[in-house]
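> Here you go, one structure.
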Amino acid sequence: MAEDVRREIRAAVANAIASSELAAQVGEYQTHEVPVEFARDKSYGDFATTVAMLLAKRLGRPPRQVAEVIAASLKSAVGKTRYIRRVEVAGAGFINFFLSRAWLEETIRAVHAAGPAYGRSDVGRGKRVQLEFVSANPTGPMNVVNARAAAVGAALANVLEAVGYDVSTEYYINDAGNQVAVLGESVELRYRQLQGENVEFPERCYQGLYIMDIAREAAAEHGERLKTMAPAERARFFREFALSRMLESQKRSLARFGVGFDVWFSERKLVESGAHQEVLRILRERGMVYEKDGATWLCSTKFGDDKDRVLVKSDGEYTYLAGDIAYHKNKLDRGFDLIIDIWGPDHHGHVVPTRAGIQALGYPGECLEVLLLQFLSILSGGERVKMSKRAGEFVTMDELVDEVGRDAARYFMLMRNIESHLDFDLELAKRQSQENPVYYVQYAHARICSIFRQAEENGVKFEGAASADLSRLEEEIELDIARKIAAYPDEVVTSAADRAPNRLAKYALDLAGLFHSFYNSCRVMSDDAGLTSARLALSGAVGIVLRNCLGILGISAPEKM
RNA sequence: GCGCCUGUAGCUCAGGGGAUAGAGCAACUGCCUUCUAAGCAGUGGGCCGCAGGUUCGAUUCCUGCCAGGCGCGCCA
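Counting in the numbering used here, the first sequence runs from 1 upward without gaps.
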């Protein structure tokens, strides 16, 4: 709906310029060059254009004067338009448009007609996007930092999908590195301690209690067998046992948090496929590597890096970077147009080398986009909880879900923009759980459902928005709500384009606020059947938009609270 | 030293080349015989870190400085 209106305004403005005295100087002015935005405040009308300010320089005339000329030219055409009723010049040279309320009524009908599809669009044009996130090492339980990545990644996937991208989500299982060996060793040592052996538990091993739990499970399930195993065989057993238990536990935590992935990609399988050798072969062929000090170096400085990077160490082992390049080559070969990775800020130094790697292989650098998601600190008892996997000290994803609840936890993670540090005070989140913003939004949805339940019980027939006489909506707050709803599809597009799910979290809060305000000042159900069905149509539309918006954020929209 | 992120109300943070800079929490005052008070209405509270620059216009963009966080391996 808003798009139809904008189209009309753009065309009218372009015509007005063409038929004014400015035409000679401005030349051909394309419709799409006219910026049309929602008016900041309703006293400025429904929409505004800043075109006069933009043209002022080219014309060498004050913006305000340019605006007056365009507005004068517009005024003669206003009568012929479908929506524009009044035009005025304000401020530094804004041209404000006051529209017929028909556009708001049509918006409400459009929401009902589209239902779950309202807010969806096709700006992504089916472009294939791969989104990789969380990808935690399988050496400990999912923690709150992973939770932020999970919430953000899932919401981003949803919002990209909503605007027409073909999205595939992926979790990279780091099951090939040295840390898996250490994990196995840690469990094995705990097992031996449980058997009464007096062995030392080194600092480099994982100290967390969960290691002990896995050791106990191993003893319970395979106790006898383990005693007779050869050392090498037993080490291998513990590595595999610990790895599979950790992965199971991580998947279970993610599932409880409501986050799933289309693809679980194993690093080990990548290694076994010979992808690393293949990458080196191609890079050699392309002259992108050289030997020095017994190591093989990538010429990453050719692609903007400040130094070249080692791909194969002098001991013959591949570096982390070599693996990352091989993995990204694999992604690109799967046919994605865009690869988006969500990494922690501690990996920002890897962005340029990794991109250099794929460029050295011959892929365009723009096909990799890395989002650096800032960490989250947990405050407990006013103190920052030190989080260290090795020390086994951290707040887990499971604890967060248990204590704060899934919806609240996810909403909190999404409220801030991704590059902001976030202090999450556990006590505060628990204590304020009644006043959490997420409840505020969900409560609005539950209230709407309650109204419809009530209507049914009272035998009030709601025939749908199409047949309701929406001109009965005369209160200011009712029209404010309609305007807010009209802006929703735009909000989704911006949220996707800026990779900023927090915008939708804010939008949901604002819309819920408008609805609560409406609810307190206007009765939906009354003796006036016409007014009742108009207000039911409005309330129903709010319900649909809240549902769609919460759906993208990965938060439930309860019918009762 | 170099790089990335941050600096907006007492607190936690939104916003963003434009028209009077917002929300929640905290404080205070009112509102439940009526569709859920997990709600609403109202009050107070701001050199948008500092200094320059670009611009018709900067809190927003650029540069420098100050402050905080993080990172800078032939570790992963």
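Glycine included, C-beta positions come from ideal geometry on N, C-alpha and C.
Since the structure is predicted, the reported quantities are computational estimates derived from the model, not experimental observations.
#1: Return helix, strand or coil for asparagine 417, following the three-state DSSP convention.
#2: For glycine 91 and alanine 48, what's the separation of their Cα atoms in angstroms?
#3: Name the two residues that bound the continuous beta strand (DSSP E) containing serine 135.
#4: List the whole-angstrom C-beta distance separating valine 69 from serine 20, where the pair is believed to meet the contact cut-off of C-beta under 8 Å.
#5: Look at leucine 194 and leucine 156 and say whether their C-beta atoms are less than 8 Å apart.
#6: Apart from the five residues on each side of it in sequence, which residues of its chain come closer than 7 Å, Cβ to Cβ, to alanine 39?
#7: Between which two residues does the alpha helix (DSSP H) containing aspartate 324 stretch?
#8: Rounded to the nearest angstrom, how far is the Cβ of leucine 509 from that of isoleucine 552, given a contact under 8 Å?
#9: Does DSSP put tyrosine 29 in a helix, a strand or coil?
#10: Identify every residue that forms a DSSP beta bridge with aspartate 423.
#11: Is it a yes or a no for the stretch 96 to 106 touching the stretch 70 to 83, going by three-plus beta-carbon pairs under 8 Å?
#12: Helix, strand or coil for lysine 75 per DSSP?
#13: Check this for me: beta carbons of proline 138 and leucine 270, under 8 Å apart or not?
#14: If you measure between the beta carbons of proline 353 and phenylalanine 375, is that distance less than 8 Å?
#15: Using the rule of at least 16 other Cβ atoms within 10 Å of the residue's Cβ for burial, across every protein chain shown, is glutamine 25 buried or exposed?
#16: Taking the alpha helix (DSSP H) that asparagine 158 falls in, what are its first and last residues?
#17: On the CB-based measure, 16 or more other CB atoms within 10 Å of its CB, does aspartate 175 come out buried or exposed?
#18: For a test of the three-state rule: what should DSSP assign to serine 521, helix, strand or coil?
#19: May I have the straight-line CA-CA distance separating valine 492 from glycine 119, to the nearest angstrom?
#20: In the stretch 255 to 295, which residue ranges form an unbroken beta strand (DSSP E) of at least 3 residues, counting only runs that do not cross its ends?
#21: Excluding the five sequence neighbours on either side, which residues of its own chain have a C-beta within less than 8 Å of the C-beta of leucine 243, listed in chain order?
#22: Determine the direct distance from the alpha carbon of alanine 16 to that of lysine 75, and round the result to whole angstroms.
#23: If I measure Cβ to Cβ from threonine 125 and keep anything under 7 Å in the same chain, skipping five residues before and after, which residues do I get?
#24: Exposed or buried, what is glutamate 285 when buried is set at 16 or more other beta-carbons lying within 10 Å of its beta-carbon?
#25: Between the C-alpha atoms of lysine 560 and alanine 466, what's the straight-line distance to the nearest angstrom?
#26: From this set, Arg190, Gly335, Thr296 and Ser300, which residue's C-alpha is nearest threonine 319's C-alpha?
#27: Where leucine 470 and asparagine 143 are concerned, what is the direct C-alpha to C-alpha distance, given to the nearest angstrom?
#28: With a threshold of 6 Å on Cβ separation, who are the neighbours of proline 558 within its own chain once the five nearest residues in sequence on each side are excluded?
#29: Please list, in chain order, all residues of the same chain as phenylalanine 462 whose beta carbon is under 7 Å from its beta carbon, the five residues on each side excluded.
#30: Mind the definition here: the stretch 404 to 412 touches the stretch 354 to 374 only if three or more C-beta pairs lie below 8 Å; say whether that holds.
#31: Taking the runs of the alpha helix (DSSP H) that are 4 residues or longer, which of them lie wholly in the stretch 334 to 372?
#32: What residue does the alpha helix (DSSP H) around threonine 169 start on, and which one ends it?
#33: Compute the beta-carbon to beta-carbon distance between isoleucine 339 and histidine 347, rounded to the nearest angstrom, for a pair I have assumed lies under 8 Å.
#34: Kindly indicate which three-state DSSP category asparagine 198 falls into: helix, strand or coil?
#35: Which residues does DSSP list as the beta-bridge partners of phenylalanine 94?
#36: If distances are taken between C-alpha atoms only, which option among Arg128, Ser300 and Ala235 comes closest to aspartate 333?
According to the structure data:
#1: coil
#2: 11 Å
#3: That residue, serine 135, is in no beta strand (DSSP E); it is neither H nor E in DSSP.
#4: 5 Å
#5: no
#6: Gly45, Asp46, Phe47, Ala48 and Asn96
#7: 320 to 333
#8: Actually they do not touch by this definition, with Cβ atoms about 14 Å apart.
#9: coil
#10: Ser377
#11: yes
#12: helix
#13: no
#14: no
#15: exposed
#16: 144 to 162
#17: buried
#18: helix
#19: 7 Å
#20: 263 to 266 and 289 to 292
#21: Pro138, Asp175, Val180, Leu183 and Gly184
#22: 9 Å
#23: Here the sequence assigns arginine to residue 125, which means threonine is not the residue at that position. Excluding sequence neighbours, arginine 125 sits near Gly164.
#24: exposed
#25: 27 Å
#26: Thr296
#27: 50 Å
#28: Gln442 and Ala446
#29: Ala455, Ser533 and Leu536
#30: no
#31: 351 to 360
#32: No alpha helix (DSSP H) holds threonine 169; the beta strand (DSSP E) holding it covers 166 to 173.
#33: About 15 Å; that fails the 8 Å criterion.
#34: coil
#35: Ala90
#36: Arg128
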